[in-house]
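Asks: Dumping the structure here so I can ask a few things about it.
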Amino acid sequence: MRPETLERRRAILRAATEVFGSKGYANGTLLDIADQVDMTHAGILHHFGSKDQLLVEVLRYRDESDVENLEQKHIPGGIELFRHLVRTAFANARRAAIVQAYVVLSAESVTDGHPAREYFEDRYRTLRDEVAEAFREVCAERGITAEDRIGHAAACILAVMDGLQVQWLLEPGKVELAETTEYAIEAIMTSVLEPRESPLGPISA
116 MRPETLERRR AILRAATEVF GSKGYANGTL LDIADQVDMT HAGILHHFGS
166 KDQLLVEVLR YRDESDVENL EQKHIPGGIE LFRHLVRTAF ANARRAAIVQ
216 AYVVLSAESV TDGHPAREYF EDRYRTLRDE VAEAFREVCA ERGITAEDRI
266 GHAAACILAV MDGLQVQWLL EPGKVELAET TEYAIEAIMT SVLEPRESPL
316 GPISA
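If you count by my numbering, then the sequence shown holds residues 116 to 320, one letter each, in order.
In structure tokens, the structure reads:
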């Protein structure tokens, strides 16, 4: 693919990220995107084929931006995975448009027939597995058995990261995205590696 074609596609993806983030997938139109890059509706379709395919490429673009500075273009394992998640939060604090698109599209994806549902199902499943495996590596290095806690902890880390992004987007002056994410990940890791008696005491269902 020619360099000018690649740059045009990147420009479309950046515009689509902004449009889908501000208006959602259903309300954000190809015409909205085309207007931002001085193209026609047909021009967008020439590059991406359909609105659904453009959405898929926007999500891939977002994933690639998460690992673009990593040597192997893939998140690491073990303790480095957790450090990578914290660094990602610091990076996200400087790219609100990408964060907003992710938050909006992930929320929309739970609705029936949404074209991004399969993507987010696969993404969360993969990330839970990768975080859980990283926990196992760290536990093994320390001679800790924590299998009963690892699954909960992996899901919690992803939930905290995504939930903090929502709070940050709503009130960026009140929530420190990166620092609070780091605090939460450290707290969850500690609960796995150094478990203590719950301060909540016994809770009846």
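A virtual CB, placed ideally from N, CA and C, is assigned to each residue, including glycine.
1. To the nearest angstrom, report how far apart TYR298 and VAL307 are at their CA atoms.
2. Would PRO191 pass as an interface residue toward chain D - the criterion being a Cβ-Cβ separation below 8 Å?
3. Given this structure, state the Cα-to-Cα distance separating ASP167 from PRO317, to the nearest angstrom.
4. Let's see if you can read the secondary structure: which residues bound the alpha helix (DSSP H) around LYS138?
5. Among LEU174, LEU121 and VAL275, which has the Cα closest to the Cα of ALA293?
6. Report the rounded CA-to-CA distance for ALA249 versus HIS199, giving the unit in angstroms.
7. Return the residue from the list LEU285, LYS138 and ILE272 that minimises the CA-CA distance to PRO302.
8. Just curious, the alpha helix (DSSP H) that SER306 is in, first and last residue?
9. Within 8 Å, do at least three Cβ pairs link the stretch 151-163 to the stretch 224-236?
10. Whose CA, out of ILE259, SER319 and HIS161, lies closest to the CA of LEU309?
11. Find out if the Cβ-Cβ distance for the pair VAL201, ILE300 is shorter than 8 Å.
12. Going by C-alpha distance, which of THR203, PRO230, ALA126 and GLU252 is nearest ALA141?
13. Once you ignore the five residues that flank LEU242 on each side, which residues in its own chain have a CB closer than 7 Å to its CB?
14. Please name the residue, chosen from ARG117, PRO314 and GLY143, that lies closest to GLU223 on a Cα-to-Cα basis.
15. Quick check on the DSSP output: the alpha helix (DSSP H) that includes HIS199 runs from which residue to which?
16. My output table needs one value for GLY288: the three-state DSSP class, helix, strand or coil.
17. Starting from ASP237, trace the alpha helix (DSSP H) in both directions and tell me its first and last residue.
18. State buried or exposed for LEU169, treating a residue as buried only when at least 16 other CB atoms are found within 10 Å of its CB.
19. On the CB-based measure, 16 or more other CB atoms within 10 Å of its CB, does ALA204 come out buried or exposed?
Replies: Taking the coordinates as given:
1. For the purposes of this step, residue 298 is taken as the residue at position 183 of the sequence shown. For the purposes of this step, residue 307 is taken as the residue at position 192 of the sequence shown. Between the alpha carbons of TYR298 and VAL307 lies a gap of roughly 15 Å.
2. No chain D is part of this structure, which consists of one protein chain only.
3. Here the question's residue 167 lines up with position 52 in the sequence shown. Here the question's residue 317 lines up with position 202 in the sequence shown. One C-alpha to the other measures close to 48 Å.
4. Within the sequence shown, the letter at position 23 stands for residue 138. Element bounds for LYS138: 118-142.
5. Here residue 293 refers to the residue found at position 178 of the sequence shown. Closest option to ALA293, Cα to Cα, is VAL275.
6. For the purposes of this step, residue 249 is identified with residue 134 of the sequence shown, where counting begins at 1. For the purposes of this step, residue 199 is identified with residue 84 of the sequence shown, where counting begins at 1. Cα to Cα, the separation comes out at about 12 Å.
7. Taking the sequence shown and counting its residues from 1, the one referred to as residue 302 is at position 187. Note that residue 302 is Ala in the sequence shown, not Pro. Comparing Cα-Cα distances from ALA302 to each of LEU285, LYS138 and ILE272, the minimum goes to ILE272.
8. Reading the sequence shown from its first residue, position 191 is the one you call residue 306. Looking at the DSSP string, the run of the alpha helix (DSSP H) that includes SER306 is 292-308.
9. Taking a contact to require three or more Cβ pairs closer than 8 Å, the stretch 224-236 and the stretch 151-163 do not qualify as touching.
10. What you label residue 309 is simply residue 194 of the sequence shown in a count that begins at 1. Here residue 309 is Glu; the residue named in the question, Leu, does not match the sequence. When only C-alpha atoms are compared, the closest one is ILE259.
11. On the sequence shown, position 86 is the one that residue 201 refers to. On the sequence shown, position 185 is the one that residue 300 refers to. Using a Cβ distance threshold of 8 Å, VAL201 and ILE300 count as a contacting pair.
12. Mapped onto the sequence shown, residue 141 falls at position 26. Considering only alpha carbons, the answer is PRO230.
13. Numbered from 1 along the sequence shown, position 127 holds the residue referred to as residue 242. Excluding sequence neighbours, LEU242 sits near LEU273.
14. Here residue 223 refers to the residue found at position 108 of the sequence shown. Checked all of ARG117, PRO314 and GLY143; the closest Cα to GLU223 is GLY143.
15. Position 84 of the sequence shown, counting from 1, holds the residue named residue 199. Per DSSP, HIS199 is one residue of the alpha helix (DSSP H) stretching across 193-207.
16. As a first step, residue 288 is located in the sequence shown; it is residue number 173 there, counting from the start. In the structure shown, GLY288 sits in coil (DSSP, three-state: anything other than H, G, I, E or B).
17. Here the question's residue 237 lines up with position 122 in the sequence shown. Counting along the chain, the alpha helix (DSSP H) containing ASP237 begins and ends at 232-257.
18. Within the sequence shown, the letter at position 54 stands for residue 169. Burial call: buried.
19. One-based indexing of the sequence shown puts residue 204 at position 89. By the C-beta density criterion, ALA204 is buried, having at least 16 other C-beta atoms within 10 angstroms.
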